[in-house]
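Below is one structure, written out as structure tokens; the observations come after it.
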Amino acid sequence: AQSVTQPDIHITVSEGASLELRCNYSYGATPYLFWYVQSPGQGLQLLLKYFSGDTLVQGIKGFEAEFKRSQSSFNLRKPSVHWSDAAEYFCAVGGGGTGTASKLTFGTGTRLQVTL
Amino acid sequence: GAGVSQSPRYKVAKRGQDVALRCDPISGHVSLFWYQQALGQGPEFLTYFQNEAQLDKSGLPSDRFFAERPEGSVSTLKIQRTQQEDSAVYLCASSWTSGGRYNEQFFGPGTRLTVL
Chain A
1 AQSVTQPDIH ITVSEGASLE LRCNYSYGAT PYLFWYVQSP GQGLQLLLKY FSGDTLVQGI
61 KGFEAEFKRS QSSFNLRKPS VHWSDAAEYF CAVGGGGTGT ASKLTFGTGT RLQVTL
Chain B
1 GAGVSQSPRY KVAKRGQDVA LRCDPISGHV SLFWYQQALG QGPEFLTYFQ NEAQLDKSGL
61 PSDRFFAERP EGSVSTLKIQ RTQQEDSAVY LCASSWTSGG RYNEQFFGPG TRLTVL
């Protein structure tokens, strides 16, 4: 069964500092990997996704993530954090293809706090 | 509308009451998913529809949970005889389906259910 581990429950960084959020996955085939952000009272917004090809993917809001098959990881990074980035971040894995195979399995999330 | 909408946004129910949660997917989206997000956790898959057909309900936690999408657009998640452990945010997501290609899921803002 597929699973996602986000080892950091809560991270605090200073505005302007760099950020890395960790994500490890377990999946029996080539994974489809996602990072979502959730602000309080809001739905999930897709930051970026990896399907195949270049292992470094760029997303919205200046975020990027690198897929490392050998480490089963898909860590999210941002060079300089803004106060508006404070939110909950979820890593997710989905099966390739369509239909129910594409249901997502989420990690437990990392709450990011940004200090001024 | 432009995105996935859900209603009500907040619902308070007394234990034992029945509730119905509505999801309006993006127009034309074939696939529709329901997820349950408990406090401090990531979303967990409940059920999946392709048009009006419910193809996967493996995530529904008990037979008190029932979902339908009779005309292949709007979906309703019904919970009978609510229990305190049903308290959670219920998220709906929709996506296009085209043969063999994974499609991004777009999430609604969720319905926060509190069972007293």
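Those protein sequences? They're chains A and B, same order as listed.
Taking this note's numbering, the leading residue of the first sequence gets 1, the next gets one more, and so forth.
Taking this note's numbering, the leading residue of the second sequence gets 1, the next gets one more, and so forth.
Glycine residues also receive a C-beta, built at the ideal position from the N, C-alpha and C atoms.
Note that the structure is predicted; figures quoted are calculated from it, not measured.
For Tyr36 of chain A, the nearest beta carbon of chain B is closer than 9 Å to its own beta carbon. Residue nearest to Val4 of chain A within the set A:Gln58, A:Tyr89, A:Leu112, A:Val114 is A:Tyr89 (criterion: CA-CA distance). In terms of Cβ geometry, Leu113 of chain B and Val30 of chain B do not form a close pair [threshold 9 Å].
Around the CB of Asp54 of chain A, fewer than 16 other CB atoms lie within 10 Å, so the residue is classed as exposed. In terms of Cα proximity to Gly41 of chain A, the closest of B:Glu68, B:Gln6, B:Leu32, B:Phe66 is B:Gln6.
Between Glu15 of chain A and Leu116 of chain A the beta-carbon gap is near 5 Å, inside 8 Å, which marks them as a contact.
Taking 9 Å as the CB threshold, Thr12 of chain A stays off the interface with chain B.
Bounds of any beta strand (DSSP E) do not take in Gln2 of chain A, whose DSSP letter is neither H nor E. By the C-beta density criterion, Trp83 of chain A is exposed, having fewer than 16 other C-beta atoms within 10 angstroms.
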